[in-house]
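I have placed the structure first, in the form of structure tokens, so that the comments after it can refer back to it.
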Ligand code: HEM
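In the numbering used here, the protein residues as written are 225 to 366.
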């Protein structure tokens, strides 16, 4: 019985990995940086709610550093290889454009001096993330 159970678990694990989008999906350095960005956004929204502007600005600066790091990594949807073809280089340039938009919005957040400016910058950040994910984020479950 134990053996049957074990082989059932093993085959389920195998099936799961056989259907995963990519063995590195969610495990890349870029995914790690994005995870940190998500934590920063959560902290920023909390700080905005409690009107802790000092905290908000300090986390926004951390977020900015993560975004600048994200600019250097090629999304898995483009390639998992070091050497990029001409077409992949074009896609990577598009990705970098999306990251530059995000950087602009986060910079606006760090420079905001009132609630309306902060709200507008947060809206732009959300927009950039949505657009960037639609174009470049792999769905790990597919
Ligand atoms: C503050 C804004 C953003 C947040 C909070 C965010 C958050 C995330 C999170 C939580 C993941 C999943 C990580 C995992 O699987 O563990 C992810 C993945 C990803 N995001 Fe973002 N993201 C943001 C903006 C963007 C933008 C603007 C782009 C593109 C221009 C982008 C491109 C990607 C890509 C390509 C992945 C998959 C990583 C890979 O290919 O290995 N993200 N993001």
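Even for Gly, the Cβ is constructed at its ideal location relative to N, Cα and C. Computed from a predicted structure; not experimentally measured.
query	result
Alpha helix (DSSP H) runs contained entirely in the stretch 249-335, provided each spans 4 or more residues	253-273, 277-294 and 310-335
Endpoints, alpha helix (DSSP H) assigned at residue 357	339-360
For residue 246 and residue 310, the rounded distance between their alpha carbons	22 Å
Residue of 355, 282 and 365 minimising C-alpha distance to residue 320	355
Neighbourhood of residue 326 by C-beta, 6 Å cutoff - its chain only, sequence neighbours within 5 removed	291 and 352
Separation of residue 364 from residue 203, as counted between CA atoms	This structure does not reach residue 203, given that the chain is present from 225 up to 366, and the question cannot be answered.
Cβ-heavy atom distance, residue 259 to the ligand HEM, below 7 Å	yes
Exposure label - residue 274; buried when at least 16 CB within 10 Å	exposed
Nearest-angstrom Cα separation, counted from residue 293 out to residue 323	10 Å
Heavy atom of the ligand HEM within 7 Å of residue 247 beta-carbon	no
Residue 272 beta carbon near the ligand HEM (any heavy atom closer than 7 Å)	no
Euclidean distance between Cα positions of residue 261 and residue 318	20 Å
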